[in-house]
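Residue numbers (the working numbering), protein chains in the order written: chain A, 1 to 326; chain B, 1001 to 1111. Backbone N, C-alpha and C fix where the C-beta goes; we use that ideal spot for every residue, glycine too. Source: prediction; values computed, not measured. Below: the structure, in structure tokens.
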């Protein structure tokens, strides 16, 4: 700890160095005097031999560790004074640095999200959304949302894709005592979380039993919502929430980047449980398809798709591999 | 100063200082005098090399310093060898001997 003490007692160290060198000089003078030189001449010659005292002192200081700290502090003060002296230069350099750092960060996060890891989902390059339009109609309109009977046909008659999942977006009113909050929620079909293959951050994702008739009502929460609205409280898992007037148990927090549908919570809904009269359309997402020889989606598939333009699978998946269905 | 003096070879000064200090606590001025004397004025140690070297050796814990009165009553900084310094001196001396033996061997035989 000697260096620490020396750091605090810098002036003491300086004085010691001074008197050490001074002692040497005096000894030299005494020696010359002893060899019968006049005092003035002895002093002159000793000083000459000694050279610049300051230079020695500097060299001695350089041997010390704390010197580097000192130099750093001086450099820092010097540059700070330089910046203060010319405010315009300071402003421009700080602005340029900020711009550079900001731009690099932005570019990197865009590249990271768009190229390296576009979506955190399993086989995300093989996910496909479909849309339909009537070829016989002069109308060029198309749609990507399906009523339940349509969806059921896609699900049951699909021969091309490994799995089909769908979601219905709905406003979820969360009543907490006197206050209510509105969240965006998605009712999802069975297998949705297995489809995306993203493990939950806390608790569990929705599982097949949650979709059984009579199963206890549950839901999972988006990570960002959990952090911003619920202070990232891990004790929330297993708590019951009043959502749209019914009690539901929170069973899991999804991984940070899981944001399927852009909503804040996900609730289970089996397509079979849907009132077939419901006019609320589903969005469907078809996953992991693309057989090696492209097949036409229309071949052998549901009657509702008659009139669809036959579209080879690979052209479907290309370019829209991650776009969600409208 | 009739005799031509020679500046110390680089790297040998540390060893000579350690060797001189090994004889007992001694201040900077006396170290330079001793080296000059023992080498019969062949080596001279400029202060500009001596004091930085002393401070460097102290920094490496090979020397430890203490302020004491000299015989004339003036206070001076006396250097003494530490245990680490003694070990270092032994290493440097044996290295030096190997080096000078090798040089001598070449000078004697390579004719």
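Going by DSSP, name the residue or residues bridged to residue i.
| i | result |
| --- | --- |
| residue 1067 (chain B) | B:1077 |
| residue 266 (chain A) | A:186 and A:220 |
| residue 228 (chain A) | For residue 228 (chain A), which the question treats as bridged, DSSP gives no partner whatsoever. |
| residue 174 (chain A) | A:181 and A:243 |
| residue 248 (chain A) | A:241 |
| residue 1035 (chain B) | Residue 1035 (chain B) is not bridged to any residue. |
Could you pull out every residue in the same chain whose Cβ sits closer than 8 angstroms to the Cβ of residue i, ignoring the five residues on either side in sequence?
| i | result |
| --- | --- |
| residue 1024 (chain B) | 1080 |
| residue 259 (chain A) | 222 and 224 |
| residue 45 (chain A) | 32 and 37 |
| residue 1070 (chain B) | 1027 and 1076 |
Thinking C-beta only, is residue j closer than 8 angstroms to residue i?
| i | j | result |
| --- | --- | --- |
| residue 245 (chain A) | residue 169 (chain A) | no |
| residue 978 (chain B) | residue 1061 (chain B) | With chain B covering only 1001 through 1111, there is no way to say anything about residue 978 (chain B). |
| residue 91 (chain A) | residue 174 (chain A) | no |
| residue 1078 (chain B) | residue 1088 (chain B) | no |
| residue 1050 (chain B) | residue 1039 (chain B) | no |
| residue 216 (chain A) | residue 249 (chain A) | yes |
| residue 56 (chain A) | residue 1044 (chain B) | no |
| residue 267 (chain A) | residue 187 (chain A) | yes |
| residue 23 (chain A) | residue 1029 (chain B) | yes |
| residue 1063 (chain B) | residue 1085 (chain B) | yes |
Have a look at residue i and residue j and give me their C-alpha separation to the nearest angstrom.
| i | j | result |
| --- | --- | --- |
| residue 1056 (chain B) | residue 1014 (chain B) | 9 angstroms |
| residue 180 (chain A) | residue 232 (chain A) | 19 angstroms |
| residue 25 (chain A) | residue 69 (chain A) | 30 angstroms |
| residue 76 (chain A) | residue 116 (chain A) | 39 angstroms |
| residue 256 (chain A) | residue 192 (chain A) | 17 angstroms |
| residue 71 (chain A) | residue 1019 (chain B) | 33 angstroms |
| residue 290 (chain A) | residue 100 (chain A) | The pLDDT assigned to residue 290 (chain A) is 44, lower than 50, so where the model puts this residue is not dependable; a value taken from the coordinates is nonetheless given after this. Distance between the alpha carbons of residue 290 (chain A) and residue 100 (chain A) is about 42 angstroms. |
| residue 303 (chain A) | residue 139 (chain A) | In this prediction, residue 303 (chain A) has a pLDDT of 36, which is less than 50 and means its spatial position is unreliable; what the coordinates show is noted afterwards. If you take the alpha carbons of residue 303 (chain A) and residue 139 (chain A), they lie about 20 angstroms apart. |
| residue 36 (chain A) | residue 14 (chain A) | 34 angstroms |
| residue 148 (chain A) | residue 134 (chain A) | 19 angstroms |
| residue 269 (chain A) | residue 202 (chain A) | 22 angstroms |
| residue 152 (chain A) | residue 141 (chain A) | 23 angstroms |
| residue 1110 (chain B) | residue 1104 (chain B) | 10 angstroms |
| residue 19 (chain A) | residue 1068 (chain B) | 12 angstroms |
| residue 158 (chain A) | residue 237 (chain A) | 36 angstroms |
| residue 98 (chain A) | residue 109 (chain A) | 16 angstroms |
| residue 1099 (chain B) | residue 41 (chain A) | 43 angstroms |
| residue 163 (chain A) | residue 252 (chain A) | 23 angstroms |
Which same chain residues end up closer than 7 angstroms to residue i when comparing Cβ atoms and leaving out the 5 residues on each side of it in sequence?
| i | result |
| --- | --- |
| residue 1053 (chain B) | 1013, 1014 and 1017 |
| residue 53 (chain A) | 21 |
| residue 12 (chain A) | none |
| residue 67 (chain A) | 61 |
| residue 1094 (chain B) | none |
Who are the Cβ neighbours of residue i in its own chain at under 6 angstroms, not counting the five residues just before and after it?
| i | result |
| --- | --- |
| residue 1102 (chain B) | none |
| residue 264 (chain A) | 183, 184, 222 and 225 |
| residue 239 (chain A) | 250 |
| residue 197 (chain A) | 122 |
Would you say residue i reaches chain A, if we count a Cβ-Cβ gap shorter than 8 angstroms as a contact?
| i | result |
| --- | --- |
| residue 1100 (chain B) | no |
| residue 1076 (chain B) | yes |
| residue 1025 (chain B) | no |
| residue 1047 (chain B) | yes |
| residue 1085 (chain B) | no |
| residue 1040 (chain B) | no |
| residue 1079 (chain B) | no |
| residue 1149 (chain B) | Outside the displayed range of chain B (1001 to 1111) lies residue 1149 (chain B), so it cannot be described from this structure. |
| residue 1056 (chain B) | yes |
| residue 1028 (chain B) | yes |
| residue 1059 (chain B) | yes |
So is residue i in contact with chain B if we call contact Cβ pairs under 8 angstroms?
| i | result |
| --- | --- |
| residue 51 (chain A) | yes |
| residue 46 (chain A) | no |
| residue 77 (chain A) | no |
| residue 63 (chain A) | yes |
| residue 54 (chain A) | no |
Quick one: is residue i near chain E, going by C-beta distance under 8 angstroms?
| i | result |
| --- | --- |
| residue 24 (chain A) | Protein chains A and B are contained in the structure displayed, whereas chain E is not. |
Heavy atom of the ligand ATP less than 7 angstroms from the Cβ of residue i, yes or no?
| i | result |
| --- | --- |
| residue 1043 (chain B) | As presented, the structure is devoid of all ligands, the ligand ATP included, so that no description of it is given. |
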